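Residue numbers (the working numbering): 299 to 439.
Here's what the structure looks like:
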């Protein structure tokens with residue numbers, strides 16, 4: 299999966315003590331205590347009229363609200379970066395055949411910190427667990 303390739307650092311259990319975590323059913327967000335950086339992992343439902351991940355990424359970009367940022371599509375078309383005073387970026391990827399994952403980060407992040415926050419959000423939303431369960435369907439049980 300694309301996300302596992304991007305965030306495949308060997309990192310111990312995430313130390314997110316300097317971040318305040320907010321969790322809902324389909325979203326986990328982290329805000330640093332001083333408000334300088336934020337990260338968010340959301341599960342987004344698919345839309346019937348949007349058939350590819352590239353089109354879905356464009357759909358997310360067009361509907362982004364906040365900070366007055368302008369979305370710019372990256373070269374491959376599956377991720378995009380917001381351009382403004384604050385460095386923000388986002389990644390959209392197909393998740394489980396029914397929905398998409400959207401990981402976004404704003405602020406000056408080190409790659410290791412982004413990886414730790416993604417792994418913590420993955421544990422909170424049980425994304426890897428769900429993918430493992432769906433990869434091995436129960437037959438006649």
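Ideal Cβ placement from N, Cα and C applies to all residues, glycine included. Fair warning: this is a prediction, and the values are worked out from it, not measured in the lab.
Express the C-alpha separation of residue j and residue i in angstroms, rounding to a whole number.
| i | j | result |
| --- | --- | --- |
| residue 429 | residue 336 | 26 angstroms |
| residue 402 | residue 359 | 11 angstroms |
| residue 424 | residue 387 | 23 angstroms |
| residue 354 | residue 348 | 6 angstroms |
| residue 419 | residue 434 | 23 angstroms |
| residue 393 | residue 421 | 15 angstroms |
| residue 351 | residue 404 | 22 angstroms |
| residue 357 | residue 385 | 21 angstroms |
In or out: residue i buried (at least 16 other Cβ within 10 Å) or exposed?
| i | result |
| --- | --- |
| residue 299 | Residue confidence for residue 299 is low, a pLDDT of 43 falling below 50, so the modelled location carries little weight and cannot support an answer. |
| residue 274 | Within the shown structure, residues of the chain are numbered from 299 to 439, placing residue 274 beyond reach of any answer. |
| residue 332 | exposed |
Cβ atoms of residue j and residue i: under 9 angstroms apart, would you say?
| i | j | result |
| --- | --- | --- |
| residue 339 | residue 327 | yes |
Would you mind giving the Cβ-Cβ distance between residue i and residue j, rounded to the nearest angstrom? I have them listed as a contact below 8 angstroms.
| i | j | result |
| --- | --- | --- |
| residue 344 | residue 398 | 7 angstroms |
| residue 400 | residue 342 | 5 angstroms |
In terms of residues, what are the limits of the beta strand (DSSP E) holding residue i?
| i | result |
| --- | --- |
| residue 415 | Where residue 415 is concerned, there is no enclosing beta strand (DSSP E), although the alpha helix (DSSP H) it sits in stretches over 409–423. |
| residue 341 | 336–343 |
| residue 328 | 325–330 |
List the endpoints of the continuous alpha helix (DSSP H) containing residue i.
| i | result |
| --- | --- |
| residue 358 | 351–360 |
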